[in-house]
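In UniProt numbering, the protein residues as written are 1 to 215.
Quick reminder that beta carbons are idealized off the backbone N, C-alpha and C, glycines included.
Since we're looking at a predicted model, the values are computed, not measured.
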Amino acid sequence: MAQVTPEVLWAQRSSASEAAKNTIYLTISTPDVSASSLDLKLTPTGLTFTGYSETKKITYHVELEFFKEIDVENSKTIHTARDVELVLRKKEMEVDYWPRLLQSTQKMHFLKTDFDKWVDEDEQNGAPDDVPGMGGDDGGFGGIDFSKLGAGGGMGGMDGMDDMDMGGADDDDDDDEGPPELEEEVKEDASGAAKTEDIPTAETAQTGAKIEEVS
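Below is the structure:
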């Protein structure tokens, strides 16, 4: 069974006074992964995602250790046939941006800036909140309440995923501070799925419309 690291896009906002504007935006590109075949665990210090695509016969897996802690109970996620989108509430209220998403200073080639959501730090006050839509034409399959799941909570999973080789993310080098250069910007094909030349990702998936909300 093939296992690949999905492409992850990120952006952020910061605020010392408004918690709802003190956020990290994450998009994990995982086309054709159903709700029943994915396992998402969110903790104050990191995230672990595993999902299986029945059509591609691929297991997506990624583990992230955040630069600083997040507030799990006030974070949100939605799942579609195309990706998993998260709005993570930063635990520490501060006006400054995080210098990077992860604790590690190594450059992860699967991690890209989401230029559709990214706003420079000195321009964020005039930018609209970019929270993913919580609903859609095809409805959802229920929400995930991280406050009830606890620090190690997750949503459904696949047997044996914990025993699989989770390598790949730490093999890259160089710094990953702030948004990458424009030449690393994610391209999209005609189907709307993300493409990248750095690693195997969800490049050619046909998208659906399953949406989930967590509050």
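Distance from the Cα of Thr105 is smallest, within the candidate group Phe66, Thr30 and Asp71, for Phe66. Boundaries cannot be given for Gln106, as no beta strand (DSSP E) includes it and DSSP labels it neither H nor E. Nearest in C-alpha terms to Gly46, of all of Ser36, Val62 and Asp96, is Val62.
Less than 7 Å divides the Cβ of Val72 from the Cβ of Leu42. The beta carbon of Val95 sits closer than 8 Å to the beta carbons of Ser14, Ser15 and Ala16 from its chain, once the five residues preceding and following it are set aside; these are given in chain order. For Glu121, the secondary structure class from DSSP, reduced to helix, strand or coil, is helix. DSSP places Arg89 inside the beta strand (DSSP E), whose first and last residues are Asp83 to Lys90.
Between the alpha carbons of Val8 and Lys117 lies a distance of about 13 Å.
Ranked by Cα distance from Glu121, the options Ala2, Pro6 and Ile24 are led by Ile24. A straight-line Cα-Cα distance of about 20 Å links Trp98 and Thr48. Going by DSSP, Asp71 is part of the beta strand (DSSP E) stretching over Ile70 to His79. If you compare the alpha carbons of Lys56, Ile58 and Pro44 with that of Lys68, the shortest gap goes to Pro44. By the Cβ-count criterion, Thr80 is buried, with 16 or more other Cβ atoms from all chains shown falling within 10 Å of its own Cβ. Judged by their CB atoms, Asp83 and Lys56 are not nearer to each other than the 7 Å cut-off. Between Trp10 and Leu88, the CB-CB gap reaches or exceeds 7 Å.
Where Leu26 is concerned, the enclosing beta strand (DSSP E) starts and stops at Thr23 to Ser29. Comparing C-alpha distances from Glu92 to each of Ala20, Gly51 and Ala2 shows the shortest one belongs to Ala20. Assigned with DSSP and collapsed to three states, Ala2 falls in strand. In this structure, Phe110 and Thr30 do not form a Cβ contact; the two beta carbons are roughly 12 Å apart against a cut-off of 8 Å.
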